[in-house]
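Asks:
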Amino acid sequence: MNIERLPTNPLFTPDNIKPSRPDVEIMCAFNPGATRFNGKRLLLLRVAEKAIPDEGCVATPIFDPETGEVHIQQFKLDDPDLELSDPRFFKHKGTIYLTSLSHFRIATSDDGLNFTIDDKPSIFPVGPYEAFGIEDARITEIEGTYYINYTAASDFGVVTALITTTDFKHFERKGIIFGPDNKDVALFPEKIHGRFQVFHRPAVVHTGKPSIWTAASENMLDWGRHEYVIGPRSAHWDCERVGAGSAPIKTSEGWLAFYHAADYNTRYCLGLLLLDLEKPWKVLARSNEPFFIPELPYECEGGFMPNVVFHNGTIDLGNGNLELYYGGGDLVTCGAKVKLDDLMNQLK
Numbered sequence: 472m473n474i475e476r477l478p479t480n481p482l483f484t485p486d487n488i489k490p491s492r493p494d495v496e497i498m499c500a501f502n503p504g505a506t507r508f509n510g511k512r513l514l515l516l517r518v519a520e521k522a523i524p525d526e527g528c529v530a531t532p533i534f535d536p537e538t539g540e541v542h543i544q545q546f547k548l549d550d551p552d553l554e555l556s557d558p559r560f561f562k563h564k565g566t567i568y569l570t571s572l573s574h575f576r577i578a579t580s581d582d583g584l585n586f587t588i589d590d591k592p593s594i595f596p597v598g599p600y601e602a603f604g605i606e607d608a609r610i611t612e613i614e615g616t617y618y619i620n621y622t623a624a625s626d627f628g629v630v631t632a633l634i635t636t637t638d639f640k641h642f643e644r645k646g647i648i649f650g651p652d653n654k655d656v657a658l659f660p661e662k663i664h665g666r667f668q669v670f671h672r673p674a675v676v677h678t679g680k681p682s683i684w685t686a687a688s689e690n691m692l693d694w695g696r697h698e699y700v701i702g703p704r705s706a707h708w709d710c711e712r713v714g715a716g717s718a719p720i721k722t723s724e725g726w727l728a729f730y731h732a733a734d735y736n737t738r739y740c741l742g743l744l745l746l747d748l749e750k751p752w753k754v755l756a757r758s759n760e761p762f763f764i765p766e767l768p769y770e771c772e773g774g775f776m777p778n779v780v781f782h783n784g785t786i787d788l789g790n791g792n793l794e795l796y797y798g799g800g801d802l803v804t805c806g807a808k809v810k811l812d813d814l815m816n817q818l819k
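What the sequence shown shows, in this note's numbering, is residues 472 to 819, in sequence order.
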């Protein structure tokens with residue numbers, strides 16, 4: 472299938488984004504939500520900032536939920552109580568500290584190739600449930616309101632929350648919509664049988680694997696009527712975990728839905744689903760092979776994790792032309808063009 476990566480990829484790297492304060496640096500800028508707004512493309516980037524440590528130290532940005540302030544805490548590298556085993560976090564006396572804190576920034580473009588990004592955070596963590604940061608926004612527009620679903624992390628677990636806006640200047644927090652542990656929430660662009668519909672990905676502890684479910688709500692806040700959609704497939708490219716991408720696209724044949732999946736080597740690729748228009752948990756077709764895989768250096772080499780294409784932002788340009796915005800290598804923001812017909816043909 473013809474996937475045309477943008478010639479200006481990667482669109483954003485840590486080097487071309489301004490830190491929000493002098494004692495931090497940009498670690499990653501990736502996994503953007505995407506929409507059209509005022510005739511422009513608008514991305515909501517996840518920007519992860521890490522503290523700049525003193526020599527011989529490791530540092531962490533600590534968010535105070537009561538004040539909303541961030542302070543930098545440091546530990547000596549030769550501290551016997553320090554455990555360093557993962558670039559995303561470390562442990563000190565059994566307490567987990569993240570190496571970065573994520574917020575959202577708005578970037579806009581007239582042509583989809585050249586973007587202007589805000590110098591300051593557009594949406595910053597608030598309250599105790601976002602103490603470890605906010606991640607991986609997905610944007611759905613319904614009747615002039617833009618619904619932003621995102622992941623929030625803290626000591627209490629990983630939850631999904633909702634923000635609404637009409638102008639991308641003023642944001643109204645609606646609170647948690649799925650409790651811990653849950654992520655990858657993508658809202659359908661219209662009601663089905665009078666109810667809002669979403670994908671979500673509950674974590675599993677006792678049985679099962681990370682899988683995509685649907686849920687319905689009459690008010691966008693209280694969700695029920697959960698239905699299983701798909702899970703990982705043994706001996707396939709999507710054998711370890713699956714999660715929803717951006718909002719699905721309505722076609723005459725059904726809902727076309729994007730999903731990401733990892734294999735046992737944590738390679739993340741993209742697949743497709745075709746779902747029944749009336750019962751969106753009913754699978755009509757599913758990708759036998761991924762339609763998009765990590766191939767280029769900015770996808771195969773990365774920050775938190777190499778060999779990753781992670782998509783949560785689609786812009787429909789009309790006439791069957793789509794732009795996919797995605798994270799490469801858990802480090803940078805990229806874009807690609809694809810034809811709707813090509814995606815549909817991949818499912819036949």
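We treat Cβ as the ideally placed atom computed from N, Cα and C, and that holds for glycine.
1. Taking the alpha-carbon positions, what's the HIS641 to MET472 distance?
2. For PHE667, decide whether its Cβ has a neighbour in chain B, counting only Cβ atoms nearer than 7 Å.
3. Write down the C-beta distance between VAL675 and ASN620 rounded to the nearest angstrom, noting that I regard them as a contact closer than 8 Å.
4. Per DSSP, which one or two residues make a beta bridge with VAL713?
5. Under 7 Å between the Cβ atoms of ARG712 and ALA728?
6. Under 8 Å Cβ to Cβ from ASN636, same chain only, skipping five residues before and after it: list those, please.
7. Short check: CB of TYR600 to CB of SER580, under 7 Å?
8. What is the residue span of the beta strand (DSSP E) that PRO503 lies within?
9. Assess, as a yes-or-no matter, whether the stretch 755-773 is touched by the stretch 786-794 under the definition of 3 or more beta carbon pairs within less than 8 Å.
10. Taking 7 Å as the cut-off, decide whether the C-beta atoms of ALA505 and ILE488 are in contact.
11. State the DSSP-derived secondary structure class of ASN783, mapped to helix, strand or coil.
12. Three or more beta-carbon pairs under 8 Å between the stretch 689-698 and the stretch 769-782, yes or no?
13. In the structure shown, what three-state DSSP assignment does ASN473 receive?
14. Candidates LEU746, ALA756, ALA715: which alpha carbon is nearest TYR739's?
15. May I ask which residues mark the beginning and end of the beta strand (DSSP E) holding PRO768?
16. Where does PRO524 fall in DSSP's three states?
17. Cβ of LYS645 within 7 Å of Cβ of LEU658?
18. In terms of DSSP beta bridges, what is ILE701 paired with?
19. Using DSSP bridges, identify the partner residues of VAL877.
20. Let me confirm a value: ASN816 is counted as buried when at least 16 other C-beta atoms fall within 10 Å, else exposed. Which label applies?
Replies: Short version:
1. MET472 has its alpha-carbon roughly 40 Å from the corresponding atom of HIS641.
2. Among the chains in the structure shown there is no chain B, since it carries only a single protein chain.
3. Contact doesn't hold; Cβ gap of about 20 Å is too wide.
4. VAL713 is bridged by DSSP to ALA732.
5. ARG712 places its beta carbon 7 Å or farther from that of ALA728.
6. The sequence shown places Thr at residue 636, rather than the Asn named in the question. The residues THR616, TYR617, ILE619, PHE642, GLU643, in chain order, have a CB closer than 8 Å to that of THR636 in the same chain once the five nearest residues on each side in sequence are set aside.
7. Contact flag unset, no.
8. First-last of the beta strand (DSSP E) with PRO503: 495-508.
9. Short answer: they don't touch.
10. Contact: no.
11. Strand, per DSSP.
12. Counting Cβ pairs under 8 Å, fewer than three are found: no touch.
13. Here ASN473 carries a coil assignment [DSSP, helix/strand/coil].
14. Considering only alpha carbons, the answer is ALA715.
15. From DSSP, PRO768 is part of no beta strand (DSSP E) but of the alpha helix (DSSP H) over 768-771.
16. Coil at PRO524, not helix or strand.
17. Not in contact: LYS645 and LEU658 (Cβ atoms no closer than 7 Å).
18. Beta-bridge pairing links ILE701 to ILE683.
19. Absent from the model: residue 877. The displayed extent of the chain is 472 to 819, so no value can be given.
20. So ASN816 counts as exposed.
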